[in-house]
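Numbering (the numbering used here), first residue to last: 306 to 657.
Quick reminder that beta carbons are idealized off the backbone N, C-alpha and C, glycines included.
Model, not experiment: these values are computed from the prediction.
Working notes for the structure below.
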Ligand SMILES: Cc1cc2nc3c(=O)[nH]c(=O)nc-3n(C[C@H](O)[C@H](O)[C@H](O)COP(=O)(O)OP(=O)(O)OC[C@H]3O[C@@H](n4cnc5c(N)ncnc54)[C@H](O)[C@@H]3O)c2cc1C
């Protein structure tokens, strides 16, 4: 069975790898750019929308662990004082109710953990099982693993349409010609609706632009991901600081950037500097992308439209890439091991 994966961001890469490992004949087609190149890269289940979404995210963390040694993957944990003490207590109780590991930190414990911080909130939460990955590096590594497992890549081609005959997918039409396939997996982020809507598959998307400031390397100020009320912060292995353009970026519901990109970068830099006395940052990159967020804010994972068509489109796609790769590969090769986990994300929920 020949499968085409459209999209080589973190989701397409993970799906291509798992499909190739499952023995499928895989061709992944994609171009550069996309949300993966702008991502903060945090892998977590402390942010979630409901019990199903928590479970998917927690399974997502486990699935990343099953991938083993991925370049840029770091289980450094996260520390949050995003809410006031009452809000943090409620968050801790809810997460612990789901069996998630949470530690309560007083001001001294936080100061011990991150001595460079200028603030000492009375309470913070630590999530020791969380981590992060360098998303573009990880996507490249997973594509390389996919190639090693027998997949082929077609880079620089744009898919113009998914082709069908008599209710079955028969391939894709690219800028450079047709490709035959028995199954097509659309993991094209914000490019997905244009590919599936002509086939009668409704895929409404929210407009959720996001930006990521990346600084030049500085001496280490934090070993853990920080979730302050003013900003989320991560320092990568080379010493660069990453901070999103918006506060609480995972739940950011703005339909437009509230500042031009350079000023957003300056604001993010200022928010980081305010937390670390004496720190002076020079930002080297501001990356902007629309988050691929389906109309109800939840992932889309599953079959829709003509036989052989599958979709994988979501925000928090870094957290969810590894589990989605496993689930889609299983689904495409005829399994149902992940049916209960992904059934809340059935694309058909948007059908008119
Ligand atoms: C500022 C920001 C911060 C974020 N932080 C986090 C975070 O901390 N944790 C987390 O889990 N998630 C985070 N996300 C979300 C996460 O980055 C995305 O959900 C994820 O990258 C989506 O990956 P993807 O592969 O589906 O899409 P993309 O990375 O957008 O990739 C889609 C690919 O499809 C290709 N494509 C599109 N149309 C076509 C076509 N017609 N033909 C061929 N190729 C096509 C594109 O070229 C691209 O390569 C963040 C996003 C943003 C913007």
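{"Item": "Considering only the beta carbon of each residue, do residue 614 and residue 489 sit closer than 7 Å?", "Value": "yes"}
{"Item": "Taking the straight line between their C-alpha atoms, what separation do you get for residue 665 and residue 354?", "Value": "This structure cannot settle anything about residue 665, because the visible part of the chain is limited to 306 through 657."}
{"Item": "Answer yes if the stretch 385-393 comes into contact with the stretch 427-440, meaning at least three C-beta pairs across the two stretches below 8 Å, and no otherwise.", "Value": "yes"}
{"Item": "Looking at C-alpha atoms only, which residue of 649, 442, 562 and 525 is the closest neighbour of residue 544?", "Value": "525"}
{"Item": "Can you give me the C-alpha to C-alpha distance between residue 609 and residue 343, rounded to a whole angstrom?", "Value": "29 Å"}
{"Item": "Helix or strand or just coil, what does DSSP make of residue 473?", "Value": "strand"}
{"Item": "Please state the DSSP three-state secondary structure of residue 341.", "Value": "helix"}
{"Item": "Run through DSSP, which three-state label would residue 488 get?", "Value": "strand"}
{"Item": "Just to confirm my understanding: we take residue 602, look at its own chain, exclude 5 residues before and 5 after, and list those with CB closer than 8 Å. What are they?", "Value": "354, 511 and 620"}
{"Item": "Any chance you could list the alpha helix (DSSP H) runs of at least 4 consecutive residues sitting entirely within the stretch 510-580, in chain order?", "Value": "566-580"}
{"Item": "Considering only the alpha carbon of each residue, which of 534, 340, 586 and 308 lies closest to residue 594?", "Value": "340"}
{"Item": "In whole angstroms, what is the alpha-carbon distance linking residue 349 and residue 360?", "Value": "11 Å"}
{"Item": "Along the alpha helix (DSSP H) that carries residue 441, what are the first and last residues, could you check?", "Value": "440-453"}
{"Item": "Evaluate contact between the stretch 433-444 and the stretch 362-378, counting only Cβ atoms and requiring at least three cross-stretch pairs below 8 Å.", "Value": "yes"}
{"Item": "Are there any heavy atoms of ligand 1 lying less than 6 Å away from the beta-carbon of residue 429, as far as the coordinates show?", "Value": "no"}
{"Item": "Could you pull the start and end residues of the alpha helix (DSSP H) that residue 424 belongs to?", "Value": "First-last for residue 424: undefined, no H or E at that position."}
{"Item": "Pull up the distance between the alpha-carbon of residue 581 and that of residue 634, whole angstroms please.", "Value": "44 Å"}
{"Item": "Taking the continuous alpha helix (DSSP H) assigned at residue 630, which residues delimit it?", "Value": "622-637"}
{"Item": "Could you tell me if the beta carbon of residue 620 falls within a distance shorter than 6 Å of some heavy atom in ligand 1?", "Value": "yes"}
{"Item": "Tell whether a beta-carbon distance below 7 Å holds between residue 630 and residue 315.", "Value": "no"}
{"Item": "Which of the three DSSP states is assigned to residue 357 in this structure?", "Value": "helix"}
{"Item": "Given this structure, state the Cα-to-Cα distance separating residue 461 from residue 480, to the nearest angstrom.", "Value": "9 Å"}
{"Item": "Write down the C-beta distance between residue 679 and residue 382 rounded to the nearest angstrom, noting that I regard them as a contact closer than 8 Å.", "Value": "Lying before the first or after the last residue shown, residue 679 is absent from the chain, which here runs from 306 to 657."}
{"Item": "Please state whether the Cβ-Cβ distance between residue 618 and residue 650 is less than 7 Å.", "Value": "no"}
{"Item": "Could you check what DSSP says for residue 417 in three-state terms: helix, strand or coil?", "Value": "helix"}
{"Item": "Below 8 Å, how does it come out for the stretch 462-482 and the stretch 495-507: are there three or more Cβ pairs, yes or no?", "Value": "yes"}
{"Item": "Taking residue 636 and residue 591 to be in contact with their CB atoms under 8 Å, please state how far apart those CB atoms are, rounded to whole angstroms.", "Value": "Actually they do not touch by this definition, with Cβ atoms about 37 Å apart."}
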